[in-house]
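Numbering (the numbering used here), first residue to last: 44 to 745. Even glycine gets a Cβ: it sits at the ideal position worked out from N, Cα and C. As structure tokens, the structure follows; a few thoughts come after it.
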């Protein structure tokens, strides 16, 4: 028997914690995992681990995980050879595009795409050959306003200032629950310890949330905010900073700040108070406290992205950091200098170069908002989507009005899914192509190194050998590209394996051939526990990608959106508003088939304030019917004083009871899908991002 210790970053969330994984190999047997622990020598996570990482062995061994291409025949599935599958895809998609036009094939890429570097490097090798404008992803039910704001203000959608959590004195969190998410657009392992360290050094943590979340529970101050009201709060804060002379001179090159000050003059704390549900004096005092701190950071995340004014929220957060002197400052927000730099090696992006066919929603970076996906399939006419390719995604559970999307999928001429499971979305596919498991792949974090609270890097070797007749994600895309290029008689440029691409990126980067570090894959091989490249430092002036090299504080499209905000009707005080919630043992829709992550008490109930229960004649633990414009679900309701009155909370990613799903553990406790209630018509109009928070619902006894 041979015991081997492997060191690897966990790929299941953004925290990228370092793991020590022990495997045992016995004679005539394949290696198996015997232990997964936090790596105490990891230079970034320092031994921290969360429950998700321990479940990596469940993912590896899951009998429901597909291990060969599967072709659907009616309600049944049968194996098919790889080359036959590639040729079928090429023939079907090319024929559909020849008959109906190239935009009649659509693409959807899910959130796990950014956790797999081979998928990131090679998915477009095939998908780009389709030349379709109907490309969608999970970005537009998540962080799109972050990217659009950075593109408009700083010239690149990936130039994202990150909270300097280890040096700040005052952290203001809106729409984020890092104790459940482990940090997001802020790669920060062991976030609870780092947040408590702020308090231990005399600083302050303030959380704004319609629910007293896990993070709010450890904060020095928690304020309830009306769902969808964060922009009003942020306007009130920024206006107070201007009105009371609480701003600081900035060293940064800035255009348009006086225009902003004039444009928001009417959005006072007093005027904004009814819209956000926070008293005017509390808004003003929060602004004073923030400005008085030596080093402060305003951080907004998914809860403020997925609402009707998501882009305004992120623009305002950037401005609050800017005018208080905390943008590009130690203890405020700083941009990374990652070993493989996506900002210098990719274009800054583009916005609204084309629009969706039916609703005219704007593209960003070549993708349309996913709220438009179903209607692009359902609405007749030239350009109607006839085929779909999904990659590592489950939009039936992850995007608004999932029942409508199911209806749309049933009418397609052809559907291909590149996925590990027969889930709520892929069950509609004609063909599913599964890749190797994560632990059978090597790994490099291109995205999350860019978002980390320190400059870090590491390269991980695969723990298990690739099984016979299995393909990595990138090999699947190469195979599809070759077959499609042959079918369409198009030239296909040669490509490199992902590891060689990363090696080139390392050598060309900040710490590569031109630096003393001389980083390459070869040098990283000797750093099994990762390599710390130093704390973040001010660099925004040098990193700006705007045309004139200056921060654009007043982008034209954002200033135009102020009119929409000003005209937004007063909130209906009698409506119940739906919000989501996260849990540290889950990640979106794909972690409910692993016993280690779903054991214990059910956690997919509806939460409601006891006063809201009482006025509706409902009791704690009762089964209730929840209805919105688009649908109805039945779920158990629990009374909770953690909820703001008038607000109900349901976690997303559940709803595994659909017929045909082949995920036995998930089906045993399916929960209900929050996206059977969310409304595809509710959007941040500026970006097209889905407004998943603040959905009006009715709750009644079943």
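C-alpha gap between residue i and residue j, whole angstroms
{"i": "residue 590", "j": "residue 567", "result": "36 Å"}
{"i": "residue 440", "j": "residue 416", "result": "14 Å"}
{"i": "residue 190", "j": "residue 344", "result": "12 Å"}
{"i": "residue 135", "j": "residue 682", "result": "52 Å"}
{"i": "residue 280", "j": "residue 319", "result": "12 Å"}
{"i": "residue 587", "j": "residue 198", "result": "6 Å"}
{"i": "residue 285", "j": "residue 334", "result": "11 Å"}
{"i": "residue 496", "j": "residue 578", "result": "8 Å"}
{"i": "residue 209", "j": "residue 328", "result": "25 Å"}
{"i": "residue 248", "j": "residue 49", "result": "37 Å"}
{"i": "residue 728", "j": "residue 602", "result": "13 Å"}
{"i": "residue 13", "j": "residue 292", "result": "It is not possible to answer for residue 13, since the shown part of the chain is limited to 44 through 745."}
{"i": "residue 158", "j": "residue 374", "result": "28 Å"}
{"i": "residue 370", "j": "residue 204", "result": "8 Å"}
{"i": "residue 202", "j": "residue 256", "result": "29 Å"}
{"i": "residue 443", "j": "residue 450", "result": "13 Å"}
{"i": "residue 688", "j": "residue 622", "result": "12 Å"}
{"i": "residue 117", "j": "residue 472", "result": "11 Å"}
{"i": "residue 339", "j": "residue 353", "result": "22 Å"}
{"i": "residue 107", "j": "residue 101", "result": "11 Å"}
{"i": "residue 54", "j": "residue 507", "result": "15 Å"}
{"i": "residue 317", "j": "residue 324", "result": "12 Å"}
{"i": "residue 365", "j": "residue 635", "result": "41 Å"}
{"i": "residue 596", "j": "residue 303", "result": "7 Å"}
Counterpart residues of residue i in DSSP-defined beta bridges
{"i": "residue 732", "result": "727"}
{"i": "residue 341", "result": "215"}
{"i": "residue 120", "result": "115"}
{"i": "residue 47", "result": "66"}
{"i": "residue 405", "result": "398"}
{"i": "residue 759", "result": "The chain is shown only over 44 to 745; residue 759 falls outside these bounds and no answer can be derived."}
{"i": "residue 613", "result": "Answer is none; residue 613 lacks a bridge partner."}
{"i": "residue 461", "result": "434, 476"}
Opening and closing residue of the alpha helix (DSSP H) in which residue i lies
{"i": "residue 107", "result": "No alpha helix (DSSP H) holds residue 107; DSSP gives it neither H nor E."}
{"i": "residue 572", "result": "Unbroken run through residue 572: none, as it is neither H nor E."}
{"i": "residue 239", "result": "234 to 243"}
{"i": "residue 221", "result": "221 to 224"}
{"i": "residue 302", "result": "300 to 306"}
Expected contact under 8 Å - CB spacing of residue i and residue j to nearest Å
{"i": "residue 278", "j": "residue 359", "result": "6 Å"}
{"i": "residue 734", "j": "residue 351", "result": "5 Å"}
{"i": "residue 263", "j": "residue 243", "result": "At roughly 12 Å, the Cβ-Cβ gap does not stay under 8 Å, so residue 263 and residue 243 are not in contact."}
{"i": "residue 746", "j": "residue 648", "result": "Lying before the first or after the last residue shown, residue 746 is absent from the chain, which here runs from 44 to 745."}
{"i": "residue 225", "j": "residue 93", "result": "6 Å"}
{"i": "residue 512", "j": "residue 111", "result": "7 Å"}
{"i": "residue 470", "j": "residue 704", "result": "6 Å"}
{"i": "residue 550", "j": "residue 556", "result": "5 Å"}
CB contact flag (residue i, residue j, <8 Å)
{"i": "residue 179", "j": "residue 148", "result": "no"}
{"i": "residue 139", "j": "residue 456", "result": "yes"}
{"i": "residue 832", "j": "residue 519", "result": "This structure does not reach residue 832, given that the chain is present from 44 up to 745, and the question cannot be answered."}
{"i": "residue 188", "j": "residue 732", "result": "yes"}
{"i": "residue 81", "j": "residue 60", "result": "yes"}
{"i": "residue 229", "j": "residue 361", "result": "no"}
{"i": "residue 718", "j": "residue 699", "result": "no"}
{"i": "residue 89", "j": "residue 207", "result": "no"}
{"i": "residue 296", "j": "residue 594", "result": "yes"}
{"i": "residue 391", "j": "residue 200", "result": "yes"}
{"i": "residue 527", "j": "residue 194", "result": "no"}
{"i": "residue 501", "j": "residue 574", "result": "yes"}
{"i": "residue 737", "j": "residue 620", "result": "yes"}
Residue i, enclosing beta strand (DSSP E) - first and last residue
{"i": "residue 261", "result": "Run containing residue 261: none; DSSP gives neither H nor E here."}
{"i": "residue 651", "result": "649 to 651"}
{"i": "residue 78", "result": "75 to 81"}
{"i": "residue 179", "result": "178 to 180"}
{"i": "residue 687", "result": "Counting along the chain, residue 687 falls outside any beta strand (DSSP E), and DSSP gives it neither H nor E."}
{"i": "residue 397", "result": "394 to 398"}
{"i": "residue 670", "result": "666 to 670"}
{"i": "residue 566", "result": "Not the beta strand (DSSP E): residue 566 falls in the alpha helix (DSSP H), residues 564 to 567."}
{"i": "residue 498", "result": "497 to 500"}
{"i": "residue 95", "result": "Run containing residue 95: none in the beta strand (DSSP E); it sits in the alpha helix (DSSP H), 94 to 97."}
{"i": "residue 476", "result": "474 to 476"}
{"i": "residue 386", "result": "First-last for residue 386: 385 to 388, but that is the alpha helix (DSSP H), not the beta strand (DSSP E)."}
{"i": "residue 619", "result": "619 to 622"}
{"i": "residue 741", "result": "738 to 744"}
is_contact[residue i, chain D] using C-beta, thresh 8 Å
{"i": "residue 511", "result": "Of the protein chains in this structure there is only one, and it is not chain D."}
Residue i CB to nearest heavy atom of the ligand FMN below 7 Å
{"i": "residue 511", "result": "As far as ligands go, the structure on display features none, and thus does not contain the ligand FMN."}
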